[in-house]
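Residue numbers (this note's numbering): 430 to 1185.
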C-alpha cells in the first residue's frame, strides 16, 4: 500500500461513518417516562442526597468508579511533537478506545489549552471529582514530571503519566526476562540509555529499583553522555549523571550488556552493535523507526536479544500491556494513588506471564506456530486474554499491601470472574468446565494425533492439566512435530497399523467381531478395521483403555460417526443419539439441539432430544429452561411440522414433568421473556431465561447455531454427543485448536460423569 493510500485509509477510518472513535451510551433503561423520571428529575435527587451525606457514595451511584480521564495539552504527541490540544484529540480518543476494549474502562478524553504547569494542574484538580482516575498523556518534559508529581500529591485518585511509566513497566518486565535468558546478573550489567526524555528518566528509575547499579548506568542526550561535570543539567538528568570518563555513545557502547533506545531512528550502527558484550540486550524503542532496524540487528548479532516498539517484530514494548490493566486494578480497590509498589507488581506479573504456556488464540492472532518463552518472546502479546486477570490482580494486591486501597478485595475468585466478564462474552462456563476436567484427570484418545492443530490442542491439554492425551498416528512423525512444537512430556503414542500393537489390535478385533458378526462382519473384516484409527480409538474407550475419544478434525462427520455407532452402545433407554452445541453468547450460555445427526426427528425423538439436552445442561451446572422452537406459537398452526413439536411437548409434559419445557414457540418469544410472559403467561417457561433451544429438524438447528456463531461472535462448543454409553465426541471438520481443547474438556467431564 502506498503512503498516500495509507494516509487516505487513516483519514477515512477516523471520519466515517461518524467522526471520532468514542461515543457515550446509556447504561440504564430510558424507553419510558418512568425511566426518564428516575434518570433525571425527580428521581435523581435521591442519589444526590446520599452522596451529599457521604462523599464515598459517589462510587456507588455514579460511573466514577469506572471512569478515567485521558488528559493532554498536546505538547509531545507520539512522534509528532508539540501539535497543540485540538490536534492531539485523535490520539486521546484512541487511548480511550484501548482502555475500553482491553479493560472495560470508560474514558472521557480532555484536551487542555495551556502549557503553564500551574494552570494545567489547576484545571485537572478542578475536574478531578468527575473521575476515578487520571491518565496524563503526551505532555513534554520536564513539565510532565512536575505536573504528575503535584497531581499525585494533591489528588486522592490514581494519577499516572503513561508516557513515562508505561514504557518503563513494560520494558522493565522484558529486561528481567532478557537478563535471565542471557544468563547475566542485573546488578552487574553495563547499561546505556539513549535518550533523556520523560520515558527515559522513568525507565532508568525503574531499572534502578529492579536492581541495575547506578554505577553501571550511562544516559545520553543530544549533547552526548550526561556527565556530572556538565553545566545546566535539569534535576532529572543530574540524577543519572555519570563520573565515568566516557563522552560519546560510541564509547559508552563498548562492552555494554544492555542498550535502551528512547531517542531517534538509526543512531545505532552495526559496528556499534558489534562492539557490545556477548549476548547483548537491545531495546530499540524509538517510534515509528527504531534506533537500529530489527532485521539489521539480528543479522549483525545472532546472539542479540532484541525488542522494539513495533508490532511487526518480536518483543514489542507496547504500553497497552500496562496502562489499561494497571488502572483496572487501581480502580477496583479505589486506590488513592498508583504507587511504586503497584508499578513493580505489574512488572513482575508481566514478566512471569511470558513464561507460561501461550493460549492458542494468541498464536493464531500473531500468525505463530508456537510462541514460547525465549529470545523472540520475552514479554506477553497485547491480545493475550490472560492480561485482564493477571495484571489487575497483582496491582490490586500491591495497592492493598501498600495501604492505598480504600475498598480492599475480599473474594479473589469472585474478582477474577468479574475481570473475565469485562472483556466481552462471559466465559465463566468454559472456565468451570476446564476446572472440572482438571479435578479428576481422564485419558482422552485423539484419533488424529498426527494433525498439527490436534497435536497443538493435545499439548495445551497436557500442559494445562485438562486431561491425559493419548495420540494415535505415525509415531515417528508425531514425535518430529512434538519436537518442533517443544511439546515435552511422557505422552502415549500408538500407531494401530504397527506390529508392536498386534496383540491389542487382535483383541479389539475379536471383540468387535462378536459385536457385529450377525451383521455381516467377518473376523478378517474386524481385523482390517482395527487398523483404522477411529475404530481402534472407539474400542480403546469401550474396553476401558481410554476414558474418552476425540475425532473428526480431518474427516466429514458421517464418516467418523459410522464406526463410533458400530462400536459404542447407546445408553439405556436411548434409541438414537443426538448432539447439542453450547453457545457462549453475550446473553449467556445457550444450548442448541440437534445440530449434527437427526435430519427430521419425529415427535418422540424430539422429546428424547429435549430430555438429553436438559441432562447435558444440568451436567454443566445450568438449570435447563427449554423452548421447543417452531414457526408457530402454542398450536397456532395445524401444519404437520408444527404439530410434531406440539406432540413432543405433550410427551415431555406427561412423562417428564420435572423438565421446564414448553412450545411450540417462535424464537423471538422464547428468547424475550418479557414478550413471552405478556403474551403467553400460561407457559411453563414464562418469566424464565430460556437457555436451551430444541429445533424441529437438523436443517434448522445447524443453520441456527452457525448464524449465532458468526453474527454474535459467539464461542461454540460442540457438537456435544448425547446418548452414548461411553464418552466419544466428534469435532466439526477443521475445528480450531481452541475448539478442540474445549471439546476435550467436555469429553473429560463427560467421562467423569459417566463413571459416576
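Every residue gets a Cβ at the ideal spot worked out from N, C-alpha and C, and that includes glycine.
Quick caveat: nothing in here was measured; it's all calculated off a predicted structure.
Between residue i and residue j, which are expected to be in contact by the criterion C-beta below 8 Å, what is the C-beta distance as a whole number of angstroms?
| i | j | result |
| --- | --- | --- |
| residue 899 | residue 916 | In fact, because the Cβ distance is near 14 Å, the residues do not count as touching under 8 Å. |
| residue 813 | residue 788 | 7 Å |
| residue 1010 | residue 1125 | At roughly 16 Å, the Cβ-Cβ gap does not stay under 8 Å, so residue 1010 and residue 1125 are not in contact. |
| residue 764 | residue 828 | 4 Å |
| residue 685 | residue 621 | 5 Å |
| residue 993 | residue 971 | That pair is no contact at about 10 Å. |
| residue 1172 | residue 1146 | 7 Å |
| residue 897 | residue 872 | 5 Å |
| residue 595 | residue 748 | 4 Å |
| residue 1117 | residue 1102 | 6 Å |
| residue 807 | residue 734 | 7 Å |
Suppose you measure from the CA of residue i to the CA of residue j; what does that come to, to the nearest Å?
| i | j | result |
| --- | --- | --- |
| residue 1094 | residue 1151 | 24 Å |
| residue 664 | residue 671 | 14 Å |
| residue 642 | residue 616 | 5 Å |
| residue 926 | residue 934 | 9 Å |
| residue 478 | residue 1089 | 45 Å |
| residue 1075 | residue 1031 | 11 Å |
| residue 575 | residue 1099 | 59 Å |
| residue 869 | residue 818 | 25 Å |
| residue 648 | residue 624 | 7 Å |
| residue 1157 | residue 692 | 59 Å |
| residue 740 | residue 746 | 9 Å |
| residue 882 | residue 556 | 53 Å |
| residue 1187 | residue 1046 | Examination of residue 1187 is not possible in this model, given that the chain is present from 430 through 1185 alone. |
| residue 714 | residue 505 | 16 Å |
| residue 888 | residue 914 | 9 Å |
| residue 786 | residue 803 | 12 Å |
| residue 948 | residue 1184 | 30 Å |
| residue 1028 | residue 901 | 31 Å |
| residue 1060 | residue 1182 | 36 Å |
| residue 743 | residue 750 | 14 Å |
| residue 605 | residue 433 | 41 Å |
| residue 975 | residue 810 | 36 Å |
| residue 678 | residue 667 | 18 Å |
| residue 1006 | residue 918 | 36 Å |
With a threshold of 16 other CB atoms inside 10 Å of the CB of residue i, please say whether the residue is buried or exposed.
| i | result |
| --- | --- |
| residue 717 | exposed |
| residue 473 | exposed |
| residue 1179 | buried |
| residue 854 | Its pLDDT being 44, under 50, residue 854 is placed unreliably in this model, and the coordinates cannot settle the point. |
| residue 521 | buried |
| residue 1104 | exposed |
| residue 566 | buried |
| residue 1111 | exposed |
| residue 524 | buried |
| residue 849 | buried |
| residue 1037 | buried |
| residue 430 | Reliability of the predicted coordinates at residue 430 is poor, the pLDDT of 47 falling under 50, and the value obtained from them is presented with this limitation in mind. It is exposed - the Cβ of residue 430 has fewer than 16 other Cβ atoms within 10 Å. |
| residue 469 | exposed |
| residue 724 | exposed |
| residue 1168 | buried |
| residue 736 | buried |
| residue 1081 | buried |
| residue 964 | buried |
| residue 1084 | exposed |
Have a look at the DSSP bridge pairing and note the partners of residue i.
| i | result |
| --- | --- |
| residue 540 | 501 |
| residue 590 | 565 |
| residue 416 | This structure gives no information on residue 416, because the portion of the chain shown stretches from 430 to 1185. |
| residue 712 | 689 and 736 |
| residue 1017 | 1014 |
| residue 1145 | 1012 |
| residue 599 | Bridge partners of residue 599: none, in fact. |
| residue 634 | None, per the DSSP bridge assignment. |
| residue 979 | 875 and 1158 |
| residue 1153 | 999 |
Regarding residue i and the ligand NAP, is the C-beta to nearest heavy atom distance less than 8 Å?
| i | result |
| --- | --- |
| residue 1033 | As presented, the structure is devoid of all ligands, the ligand NAP included, so that no description of it is given. |
Chain C beta carbons: is any one of them nearer than 9 Å to that of residue i?
| i | result |
| --- | --- |
| residue 1069 | Of the chains in the structure shown, none is chain C; there is only one protein chain. |
Give, in chain order, every unbroken run of the alpha helix (DSSP H) that is at least 4 residues long and sits entirely within the region 891-948. 904-914 and 931-945
My parser needs the alpha helix (DSSP H) runs of 4 or more residues fully inside the region 546-586; what are they? 546-556 and 572-583
At 3 residues or longer, and completely inside the region 1080-1142: list those beta strand (DSSP E) runs for me, N to C. 1089-1094 and 1121-1123
Any chance you could list the alpha helix (DSSP H) runs of at least 4 consecutive residues sitting entirely within the region 1011-1067, in chain order? 1032-1048
Which ranges does the beta strand (DSSP E) cover as unbroken runs of at least 3 residues, wholly within the region 799-876, from first to last along the chain? 872-875
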